[in-house]
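Undergrad: In this note's numbering, the protein residues as written are 61 to 241.
(1) Go to residue 163, then tell me how far its beta strand (DSSP E) extends in each direction, as first and last residue.
(2) With respect to the beta strand (DSSP E) encompassing residue 221, which residues constitute its N-terminal and C-terminal limits?
(3) For residue 176 and residue 223, I'd like the C-alpha separation in whole angstroms.
(4) Have a look at residue 172 and residue 157 and give me their C-alpha separation to the nearest angstrom.
(5) I'd like to know whether the C-beta atoms of residue 189 and residue 213 end up nearer to each other than 8 Å.
(6) Starting from residue 192, follow the beta strand (DSSP E) in both directions and report where the run begins and ends.
(7) Return the chain-ordered list of same chain residues with a C-beta closer than 7 Å to the C-beta of residue 196, the five sequence neighbours on each side being excluded.
(8) Where does the unbroken beta strand (DSSP E) through residue 211 begin, and where does it stop?
(9) Just the C-alpha distance for residue 221 and residue 204, rounded to the nearest angstrom, thanks.
(10) To which residues of the same chain is residue 96 closer than 7 Å at the C-beta, ignoring the five residues directly before and after it?
(11) Assign residue 209 to buried or exposed, taking buried as 16 or more other Cβ atoms, counted over all protein chains shown, within 10 Å of its Cβ.
(12) If you follow the beta strand (DSSP E) that residue 204 is part of, which residue opens it and which one closes it?
(13) Going along the chain, which residues of its own chain have a beta-carbon closer than 6 Å to the beta-carbon of residue 219, five neighbours each way excluded?
(14) According to the neighbour-count rule (16 or more other Cβ atoms, all chains shown, within 10 Å of its Cβ), is residue 226 buried or exposed?
(15) Is the separation between the beta-carbon of residue 168 and that of residue 155 shorter than 8 Å?
(16) Between residue 184 and residue 153, is the Cβ-Cβ spacing less than 8 Å?
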């Protein structure tokens, strides 16, 4: 019953947002494969949990769908699409909770990803990736970030030992994706 109510609420939000022509100026700047929800909508699977994110930049809507038990594992803290001189710029902030074996949050990694893309020129590139760590055991974790073309990376270390890498990518049509290795 809760899933049906959530689906109806999300569908209502999506439908109401489609009727706002004053906000409909952007191109898609999102992750994953296209969905049929709305023009310019894109979706992505969130690594590490059964969740997906639907970005609709034309209407300034972001919808995170997940199972109830996964709802606190990842949060899209902020996302912003703006026009730039060499294409569309997109900024997204992701929060990834790191938990111990009992499910207690040890730390949260906050990654800020900035990119630019141009459908006209058929090109894209990462501008920057930055990350910070907060939480009760944050001092036990370190991170490093790097860029390569249209990809950005956040590496996570626990007491000096490599744990994982989050990879962020943007395509020339603005589709964004992130993976955790």
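Built from N, CA and C at the ideal position, the CB exists for glycine as well.
TA: The relevant details are as follows:
(1) The residue given as residue 163 occupies position 103 in the chain shown. Note, residue 163: premise wrong, no beta strand (DSSP E); not H, not E.
(2) Against the chain shown, residue 221 aligns to sequence position 161. Element bounds for residue 221: 221 to 230.
(3) Within the chain shown, the letter at position 116 stands for residue 176. Within the chain shown, the letter at position 163 stands for residue 223. Whole-angstrom Cα-Cα distance: 29 Å.
(4) Along the chain shown, read from residue 1 onward, the residue named residue 172 stands at position 112. Along the chain shown, read from residue 1 onward, the residue named residue 157 stands at position 97. Answer to the nearest angstrom: the Cα atoms are 15 Å apart.
(5) Taking the first residue of the chain shown as position 1, residue 189 is located at position 129. Taking the first residue of the chain shown as position 1, residue 213 is located at position 153. Between residue 189 and residue 213, the CB-CB gap stays under 8 Å.
(6) Position 132 of the chain shown, counting from 1, holds the residue named residue 192. In this chain, the beta strand (DSSP E) harbouring residue 192 covers 183 to 194.
(7) Position 136 of the chain shown holds residue 196. So the list reads 166, once near-sequence residues are dropped.
(8) Translated into the one-based positions of the chain shown, residue 211 becomes position 151. Residues 211 to 218.
(9) Numbered from 1 along the chain shown, position 161 holds the residue referred to as residue 221. Numbered from 1 along the chain shown, position 144 holds the residue referred to as residue 204. Near 12 Å, if we compare the C-alpha coordinates of residue 204 and residue 221.
(10) Position 36 of the chain shown, counting from 1, holds the residue named residue 96. Bear in mind that a pLDDT of 44 at residue 96, under 50, signals an unreliable position, so the number given afterwards is only what the model happens to contain. Here the set comprises nothing.
(11) On the chain shown, residue 209 is found 149 positions in, with the first residue counted as 1. The residue in question, residue 209, is exposed, as its Cβ has fewer than 16 Cβ neighbours within 10 Å.
(12) Working through the chain shown from its first residue, we reach residue 204 at position 144. Element bounds for residue 204: 201 to 208.
(13) What you label residue 219 is simply residue 159 of the chain shown in a count that begins at 1. Hits under 6 Å: 200.
(14) In the chain shown, residue 226 corresponds to position 166, counting from 1. Looking at its Cβ environment, which holds 16 or more other Cβ atoms inside 10 Å, residue 226 is buried.
(15) The residue you call residue 168 lines up with position 108 of the chain shown. The residue you call residue 155 lines up with position 95 of the chain shown. The answer is yes: Cβ separation under 8 Å.
(16) Position 124 of the chain shown, counted from the first residue, corresponds to residue 184. Position 93 of the chain shown, counted from the first residue, corresponds to residue 153. It is not a contact, given that the beta carbons lie outside the stated cut-off.
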